[in-house]
Structure formats: structure tokens, C-alpha cells
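Structure first, commentary second.
In this note's numbering, the protein residues as written are 17 to 154.
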């Protein structure tokens, strides 16, 4: 299973906002510079994250984006789900895709993979990621 750039870059953007947002709103320009991404691409990621209630915008001079919740209250699954569907097989999303779902052993495996992935992502918070990042920089 492969996560798209939306999910990967969205997680990086959220981590950046968590790390630098304690000093005030994070501008897209600064975020783009630190993450080596275009402002235009980040704009596409910010809107769904904002709609999901994970970040909020601050207008005006010195404005930008801040977390809408504490880092310990935002997990990676919430971030990924705001940006994309992370499923190992189409049959998990729509059983009409395959008429063999009820008698297919691989379908059960895809469900287990999805469940395990969701469990791991939901158990990791932005706070956990901030601590990991700080250890890497130490």
C-alpha cells in the first residue's frame, strides 16, 4: 500500500505547524521553504486540513496557520483521512466492485491490513512526531 504525496506532505506540513506554531501563526511561505514544497501545492493541502478542523487560519499581517487542537489531540490517521483514502483494495470501499467479497480470503487480508494501518496511524499523535523530530535534531 502506498500513501500519496498528499498524505505524506500533509503530515509533514502538520508537523511543521506543530513545531513552529508556538511562536505564532505559520505562514505558507515559511512552511513551503522549510518543507521544500511549493506554496501552490501547500494551498491544496491546507484547505482539507482546515475543513477537517485540524488547523485554523489567522488573517492579517503576521497571519498564517495554527493547530486547531493540541498536538496530543491530533493523530496521523486524522491527518491522512482529511487528505486521502488510504485503502489497500477497492473492494473495501465498495463491495459492488467485486462479486466475490463474501467468499474471498484476500478480501479478509486487505481488511486486516487496513485495520492494522489505521491502528498504527491513530496511535501516533503530532506530539509523538514532535518528540521524534526533536530527537533527530539533537
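Positions of the beta carbon are idealized from the N, C-alpha and C atoms, including for glycine.
Being a predicted model, the structure only gives us computed values, none of them experimental.
Cβ-Cβ separation between residue 95 and residue 37: approximately 15 Å, too far for a contact (criterion under 8 Å).
Between residue 110 and residue 141, the C-beta spacing is not below 8 Å. Boundaries of the beta strand (DSSP E) around residue 82: 80 to 83. With a contact defined as Cβ atoms closer than 8 Å, residue 99 and residue 61 qualify at about 6 Å.
Around residue 59, the same chain offers 44 as residues with beta carbons nearer than 8 Å, after the five sequence neighbours per side are excluded. Counting every other CB atom within 10 Å of its CB across the protein chains shown gives residue 28 a total of 16 or more, marking it as buried. Contact check for residue 32 against residue 63 fails: the beta carbons are separated by 8 Å or more. The Cβ neighbour count for residue 78, taken over all protein chains shown within 10 Å, is under 16; the residue is labelled exposed. Residue 34 counts as buried, since at least 16 other C-beta atoms from the protein chains shown sit within 10 angstroms of its C-beta. Residue pairing for residue 71: DSSP places it in a beta bridge opposite 83. Beta-bridge annotation (DSSP): residue 42 is paired with 81. For residue 134, the enclosing alpha helix (DSSP H) stretches over residues 121 to 139.
Between residue 80 and residue 42, the C-beta gap is smaller than 8 Å, which places the two residues in contact.
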